[in-house]
Every structure is written in structure tokens, then in C-alpha cells.
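Throughout the sequence shown, residue numbering follows our numbering, covering 106 to 786 in sequence. Here is the structure we will look at.
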Amino acid sequence: MKKKGEKGFFVVETIVVIAIVSIVITYVFVNFSNTYNRFIVSETYNNINATNAVLNLKEYVDNCDIDFSATLDTKDYLELSSITKVSSNYYNKLKEYLKIKTAYLINTENFFSNANNMNSFDIKFQNYLDTLSIVKSKYIIVIELENLNYGYISIYNYNLELVGESDKDYVTYVKVGDDFIEPGYTAEDKNGKTLDVYITGFVDTSIEGTYYLTYTLQDIISRRKVVVYEDVYDYDYTGNYQVFRVPVSGTYKVELWGASGGKPVANTTASKGGYSTGEIYLNEGDTLYLYVGQAGSLGTYGVNATSTVGQGGIATFNGGGAGGNAGGSITYPYANYKGGPSGGGATDIRYLSGTWDNSLSLRSRVMVAGGGGGFSSSDAGYDAQKGNSGGLTGQNGAVDAYLIGAYEGDVINRGVGATQTTGNLFGIGERGDNTGTSTYCNGHAGGGGGYYGGTGGTQTGGNCHIMGGGAGSSFISGYTGVNAIRVDGTHSGTTKHFSGYVFDNMVMYSGTQTFLSPAGVNETGHTGNGYARISLIDPNQSNTLSKVRYIYNEMNGSTSNQSSHWVELQAYDINGNNVSQGVTTITNNYLGAVDLTRLTNGNVATAEYIEGGIGVSFVMLDLGKEYDLSTIRLWHYYGDGRTYYDNIVKVAGNDELFRVVLDEEYPETSHGKIIRPESID
């Protein structure tokens, strides 16, 4: 208890208390400040927004296929936008979407050993980079967001790289029966020391199929696709279509043998089927359908006991026309007369399935080997026309030699061979006539199936001569002399099918020519049921639509006016995705105020076009990265069927070295133009 007047002690005590309180406050403030700063750092370093952004950015960078060692050969770090393989419109849009202010690729081994590197960054960025000096990964991506948050991700301190193309699952191909040989891989740490890789999965090279092997190196996992394939696929007659699913991208040889028409075994020169072959590039996963023709059959004799007339040979699978029925009576016994033979079915390959006579399916045929017309005689014949399949044109129906001089008027009733535009019907041979009189005489022969089917023999009144059926014609898309159809079934006057499937190295033999049979021996015309064979010539070779980033189309006016008009341009990858949807159009000579995204908005109505000016005009799409394309589809203004001049389509990869994939002038239709890949020799 202080006494009155002892003021000095009170002052000293007060000063001491104040000092103690100040120390406590200072301690608390310093600790709070440090805690707060740590809190701020924890909120701005490697937070969820920064982590999400850098993960998405790394996924894009991985797809750019960068050689990090070569890229940073003379640099300790680079801004990502300065790397050619990274820089693109897509990259800029990705940065904008992720709100990334800037991004760097850093070689940690060199960056942190050179103090001068830090001087290129502001103090906040330097503080964050300091926290990364203990990262063990050799290469890292570091980002700064617009809100000054920071993040990084490692590009591993060790490396596992499989031999092959990463965007194709490092695929390798093995023929059935061959040994699988590991294509190879690199597994090493940053010092070049080889590391062990754990491989799981199996490959059975005795069974066609797709297999996967998994390669694991610590936390890196890669997968290799192994395709075990047959190189020859054979298709005999079954009475239904058969499916060919392309197992391996590459060049295939397609061979088709048409069926022969109904005829006596003794006759060796008439009613033969033709042979068509060609080579074509097909993408893995494409599906095609084989329709193998059925051989024609002879008609039957009538039966007296049941008063049954002779029946014509049955219509055959894939277009062979039936034979007509015979006549008969008590006076003229049924057993003396026979029905006409049926024509042989064509063999073809299509890209749309359905019943063999479905009109849309028939229009999708891209190769046809015609069938022979029916014939039932065995003598030398009236002339060289014996109902053998075409070629471009099938032979007229065979008739007997004894008609020479005596029955010339009846010869005109023979069936007529089909051409590229005429015959009975598209793909269908005609039925032969019944006898010309119900009480006696034979039936007449059916026409052969083909691109167009042959007509059947027609009746000759009371003259009992069997009129042979005309043979079917053949077709190969791209073959000189054929007349391809448009999507609506009308003829285009060109050689290429509207689907874009076009063959190379084509051969078309008629039933009068000699070629190899399915068994590998020479035959003059094909006898019996048809046959089809598809052989893989060269697996997984590059094609004209491999690694496409840029698509360019130029024109120079049309038959209607001097301007050029584009409606739609679509590019599909090998998985069937339209990778051009919404891509901005680049052009040199644009008229009007219409949005240029019309070209890629999916609307193919002819009025929805963009217009180029007078003279050479072009449009170009930048897909943002390279794709292996399955098709390009292009629509110009088609309202009046005009033809555009100097119509050229080119494509290029990241290297911007353009190659021509179409140089063709053609009447425009609502179907547009389909460009498919072709082999690059």
C-alpha cells in the first residue's frame, strides 16, 4: 500500500507495466503477422484453381509431343507461348478460359543453379519459385493466374517412352501366326540410368483381335495396342450379305468374281461370271458389306403324271433373274419341255447393308463383278454372244446355232446385255419369259445380275427355242469407262462413286477373258457361285488425310457467276467426330456481313452460304492440332447444280506443307463432296 506523497514509485511501476505490455503486444503481432502471411501463401500457392489450371495445361502440352530436352537445350526456361508446337489459337483460348496470365517450362537442374534467372520475375513470382527449388523433377510447368495465384506440375524426374505414336496407343501390328516382337521402349531416370518396367497383359498371335499391354514405371503408366490381323479374308456364297470390319488401316486389294448363269455342265463357253479388282485405302473400323452372287440353275422338265409344267430356274441371290416356265399338255407331254435357266448373281462390295435388292444399299456399291445370263443349250451357238458377263457391257443372251438362216426373226428375242446405264434394272436381272404358248414349248432364260442386270429372253410364240438371258455389267469406282451414280441414283457421267470410295490399280475382266480363279488357277470366265477376297497389302501406311491441321479450298467462280460460294466444310477424325465444328474460317476475299462460322456450323442448306469475291477465292480452317481424318465433306452452293472452276482442296499438318487431296470440277448437289484418304506411296 502506497503512502501519500510516495509518487516516484508509482511512476516507475507504471513504466515497467507499459513496457511489459508492449513486449507482449509486439510478440503477438509478429506471430499473428507470420501466421497471416503463411495463410496468405497457402491460399495463393498450389490452390485448387491453380492446380486445376496447370493440370489442364499439361494435358494440352502432352498432346503437343514436345522433346523437352531439345527444346531447353540452350535455355534454362521458356515461356510456353514461345514454343512453336504449343503456340496456337487453341492455346491462347485455353489460357483465357483457365485465366492463366503466363506459363513457363523450366529445367530445374539449370534454372536454380543460376541466380540470374530469378531476375526475370517479379518479387511475388520469385517467392513462389523459391518454394520449387526442392522439386526433384527435371522439367516442370509453372503458371501464374490472373489473380496472382501460382501452381506447378512435374514432368517426371524419370521417363517412360514407348516406341510408336502416342496418339495411336503406340499401336503395332502382327500377322496371325507370326511372333510378337516388342517394338521397344525407353525407361530411365534423369541421369540416363536404365530402369525396370513392369509389363502386364498378353498377346495371342494365333487369334485375330486387338490386345493391350500395360507398361508401368513407378507412377507412370503407358499402354500399347497390339492388333493381330489376318491378311486375307475370303467370302464364299452364303445367301446373305457378309460383313468386313477393317482391322488395320492400310491399303487393301479387293477381288470379286461374279456367278455364272444356269447352263448345262457340258457347255464351257457361255454364261460366265466376270472378275473385278482394285486397291483402296481403308481406315481401321470402317465397315463394308460383301454380297456374293449365287450361280444360276437349270429349269426342270414337266411331269406328265401330275400335269405339271417345267419350272424355270429360281431367281438367284444378288440379281440373277429367274427362268420362265415351260408349257405342256396331253397332246404335247409336259415331260418334253423344260423351264428356262436363271441368271447368275453379281458379286459386289457396299458400304450400306440391307436386303440385296434394297435401293439405298444397291446405290452404295463401289465395285461389282457381273453375273452371266442363263443358257440351256450345249452347241456352238449362233454367234460369239453367249451371255457372258461384262466388263463394261454384258453379252447378249446365247441362242442355238441351228437358228442361223432358219429362225433369224427369233434371234432378236434373246436377252440384252447390260451396260453402264441400261439393262433391266439397276442391280437386278430380268426374269425370262414363260413359253409363248401354254400347251407346249420351253421357258426362256433369266438375265444376269450386275451393275445393271441383263434382260431375260422373251418368248418366240410357238417356236420352241430357248432365248438366253443377257449378262450383267460390272463396275469399279474410278475405272475408265464406268458411269457412276449420284446419291439420288441418277448418273453423274463421271467415274467416281459419290461416296468418295475410289480404287487404284484396277482391272475389270469380262466372262470371255482369262484370269485367276479363287483357287489360283487360270479360268476363262468364272463358273459356279461367285466369290470375294479382301487382302491387306500394306498395313498402317500414311495416307493423304494423315496428320491434318489445315484444310484449304480455293475456287474461281462458277458456271453461274464469277463469285465463289461455300456452304459447309466438315472434317471427321477416325472415330467419326466432326473436329471442324465451330472452327473459325479464314478467307482472302470475303463479301457480305454473314458470320464466317456458317462454314462450320453444321447447316448444309444451300442458302446458308458465305461468298467470296470475283477471281480466285479461298477458305481455310485451322483445326488447332493435327488429326488423322477419315473424311472431309465439302458443300458449295448447289441450288442450281452449278460447277465451280479450278476447285482444289489441300491439307497440311503443323509443318504447313500443303498437299492436294482434290482437284476436280463437278456439278454441285445437296450431297456435297466426300474426300476419303488415299495411299501415299
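Glycine included, each C-beta is placed from N, C-alpha and C at the ideal position. Predicted model, so just to flag it, every value in this text is computed and none were measured.
Quick check: F580 and V359, are their CB atoms within less than 9 Å of each other?
Here the question's residue 580 lines up with position 475 in the sequence shown. Here the question's residue 359 lines up with position 254 in the sequence shown. Cβ distance not < 9 Å, so F580 and V359 don't count as in contact.
Extent of the continuous alpha helix (DSSP H) run through A440:
Counted from its first residue, the sequence shown places residue 440 at position 335. A440 -> no alpha helix (DSSP H), and no H or E assigned at all.
Can you find the residues in the same chain that come closer than 8 Å, C-beta to C-beta, to D178, ignoring five residues on each side of it along the sequence?
The count along the sequence shown starts at 1 and reaches residue 178 at position 73. Cβ within range, chain order: n/a, list empty.
DSSP on R291, reduced to helix/strand/coil?
Locating residue 291 in the sequence shown gives position 186, counting from the first residue. Note that residue 291 corresponds to Thr in the displayed sequence, not to Arg. Residue state for T291 is assigned as strand, using DSSP reduced to three classes.
Quick check: what's the CA-CA separation for G625 versus R638?
The residue you call residue 625 lines up with position 520 of the sequence shown. The residue you call residue 638 lines up with position 533 of the sequence shown. Put simply, the backbone Cα of G625 is about 12 Å away from that of R638.
Neighbourhood of E769 by C-beta, 7 Å cutoff - its chain only, sequence neighbours within 5 removed:
Within the sequence shown, the letter at position 664 stands for residue 769. Contacts found: N752.
Nearest-angstrom Cα separation, counted from I533 out to N493
Mapped onto the sequence shown, residue 493 falls at position 388. Mapped onto the sequence shown, residue 533 falls at position 428. Those two C-alpha atoms are separated by around 16 Å.
Considering only residues of the segment 376 to 451, which uninterrupted beta strand (DSSP E) runs meet the minimum length of 3 residues and lie entirely inside it, listed in chain order?
The qualifying runs are 380 to 387 and 392 to 396.
By how many angstroms is the C-alpha of G383 removed from the C-alpha of R470?
In the sequence shown, the residue the question calls residue 470 occupies position 365. In the sequence shown, the residue the question calls residue 383 occupies position 278. In a straight line, the C-alpha of R470 is about 14 Å away from that of G383.
Top-ranked residue by Cα proximity to L300, from T321, G314, S311 and L237:
Within the sequence shown, numbered from 1, the residue matching residue 300 stands at position 195. Checked all of T321, G314, S311 and L237; the closest Cα to L300 is T321.
Measure the CB-CB distance between P352 and E389 and report whether it falls below 9 Å.
Locating residue 352 in the sequence shown gives position 247, where the first residue counts as 1. Locating residue 389 in the sequence shown gives position 284, where the first residue counts as 1. For P352 and E389, yes; Cβs fall inside 9 Å.
Are there 16 or more other CB atoms within 10 angstroms of the CB of H741, so buried, or fewer, so exposed?
The sequence position of residue 741 within the sequence shown is 636, counting from 1. Its Cβ being crowded by 16 or more others within 10 Å, H741 is buried.
According to DSSP, is P782 part of a helix, a strand, or is it coil?
Along the sequence shown, one-based indexing puts residue 782 at 677. Annotated three-state conformation of P782 is coil, per DSSP.
Given that a residue counts as buried once 16 or more other Cβ atoms are within 10 Å of its Cβ, and exposed if not, what is H596?
Mapped onto the sequence shown, residue 596 falls at position 491. Around the Cβ of H596, a 10 Å sphere holds fewer than 16 other Cβ atoms; the residue is exposed.
Within the same chain, show all residues whose beta-carbon is closer than 7 Å to that of G541, passing over the 5 residues directly before and after it, in chain order.
Counted from its first residue, the sequence shown places residue 541 at position 436. Around G541: Q564, T565, G566 and G567.
V135: buried (16+ other C-beta within 10 angstroms of its C-beta) or exposed?
Position 30 of the sequence shown, counting from 1, holds the residue named residue 135. In this prediction, V135 has a pLDDT of 40, which is less than 50 and means its spatial position is unreliable; what the coordinates show is noted afterwards. Its Cβ having fewer than 16 others within 10 Å, V135 is exposed.
Can the beta-carbon of P782 be found less than 9 Å from the beta-carbon of Y334?
Here residue 782 refers to the residue found at position 677 when the sequence shown is read from its first residue. Here residue 334 refers to the residue found at position 229 when the sequence shown is read from its first residue. No, they are not a contact pair.
Who does I205 pair with in a DSSP beta bridge?
Sequence index remark: in the sequence shown, residue 205 carries index 100 (1-based). Paired residue(s): L250.
Taking the Cβ atom as the reference point for each residue, do K601 and S578 lie within a distance shorter than 9 Å?
Here residue 601 is taken as the residue at index 496 of the sequence shown, counted from 1. Here residue 578 is taken as the residue at index 473 of the sequence shown, counted from 1. Cβ atoms of K601 and S578: not closer than 9 Å.
Let's see if you can read the secondary structure: which residues bound the beta strand (DSSP E) around Q675?
On the sequence shown, position 570 is the one that residue 675 refers to. In this chain, the beta strand (DSSP E) harbouring Q675 covers S669 to D678.
Contained alpha helix (DSSP H) runs [length at least 4] in the segment 178 to 234, N- to C-terminal order:
Fully enclosed alpha helix (DSSP H) runs of 4 or longer: 194 to 203 and 213 to 216.
Provide the residue span of the alpha helix (DSSP H) that contains L787, from first to last.
Since the first residue of the chain shown is 106 and the last is 786, residue 787 is not available in this structure.
Please name the residue, chosen from G306, R536, V337 and Y342, that lies closest to S327 on a Cα-to-Cα basis.
Counting from 1 along the sequence shown, the entry for residue 327 is found at position 222. Of G306, R536, V337 and Y342, the residue nearest in Cα terms is G306.
Within its chain, find whatever has a CB closer than 6 Å to the CB of M611; leave out the 5 residues flanking it on each side and keep chain order.
Position 506 of the sequence shown, counted from the first residue, corresponds to residue 611. For M611, where only same-chain residues beyond five positions count, the Cβ hits under 6 Å are G383, I581 and Y584.
For L183 and T207, the rounded distance between their alpha carbons:
Sequence index remark: in the sequence shown, residue 207 carries index 102 (1-based). Sequence index remark: in the sequence shown, residue 183 carries index 78 (1-based). In this structure, the straight-line span from the alpha carbon of T207 to that of L183 is close to 11 Å.
When the Cα atoms are used, what is the spatial distance from G573 to N518?
The count along the sequence shown starts at 1 and reaches residue 573 at position 468. The count along the sequence shown starts at 1 and reaches residue 518 at position 413. If I take the Cα positions, the gap works out to 9 Å.
Out of T356, V279, D505 and T176, which has the shortest C-alpha to C-alpha gap to S640?
Counting from 1 along the sequence shown, the entry for residue 640 is found at position 535. Checking every option, the nearest Cα to that of S640 belongs to T356.
State the start and end residues of the unbroken beta strand (DSSP E) segment that holds A175.
For the purposes of this step, residue 175 is taken as residue 70 along the sequence shown, with counting starting at 1. Counting along the chain, A175 falls outside any beta strand (DSSP E), though it belongs to the alpha helix (DSSP H) covering F173 to T176.
Buried or exposed: where does I435 fall if 16 or more other Cβ atoms within 10 Å of its Cβ makes it buried?
In the sequence shown, counting from the first residue as 1, residue 435 sits at position 330. I435 is classed as exposed because its beta carbon has fewer than 16 other beta carbons within 10 Å across all chains shown.
Can you have a look at Q675 and say buried or exposed, based on whether 16 or more other CB atoms are within 10 angstroms of its CB?
The residue you call residue 675 lines up with position 570 of the sequence shown. With 16 or more Cβ atoms within 10 Å of its Cβ, Q675 is classed as buried.
Exposed or buried, which one is Q505 when buried takes at least 16 other CB atoms within 10 Å?
Taking the sequence shown and counting its residues from 1, the one referred to as residue 505 is at position 400. According to the sequence provided, residue 505 is Asp. The question's Gln does not apply to it. Looking at its Cβ environment, which holds 16 or more other Cβ atoms inside 10 Å, D505 is buried.
What alpha helix (DSSP H) runs, 4 residues minimum, are completely inside the segment 463 to 534?
Runs of the alpha helix (DSSP H) lying entirely within the segment 463 to 534, each at least 4 residues long, are 464 to 468 and 513 to 516 in chain order.
Below 8 Å CB to CB, which residues in the same chain sit around V302 once its five sequence neighbours on both sides are set aside?
The residue given as residue 302 occupies position 197 in the sequence shown. For V302, the CB contacts under 8 Å within the same chain, skipping 5 residues up- and downstream, are L265, Y290, A292, Y320, T321 and L322 in chain order.
From the DSSP output, which residues share a beta bridge with Q618?
Sequence index remark: in the sequence shown, residue 618 carries index 513 (1-based). DSSP links Q618 through a beta bridge to no other residue.
At 3 residues or longer, what runs of the beta strand (DSSP E) sit wholly inside the segment 307 to 363?
314 to 322, 325 to 334, 337 to 341, 347 to 350 and 355 to 362, all fully within the segment 307 to 363.
So what's K368 in DSSP terms, helix, strand or just coil?
Translated into positions along the sequence shown, residue 368 becomes position 263. In this structure, DSSP gives K368 a state outside helix and strand, which the three-state scheme calls coil.
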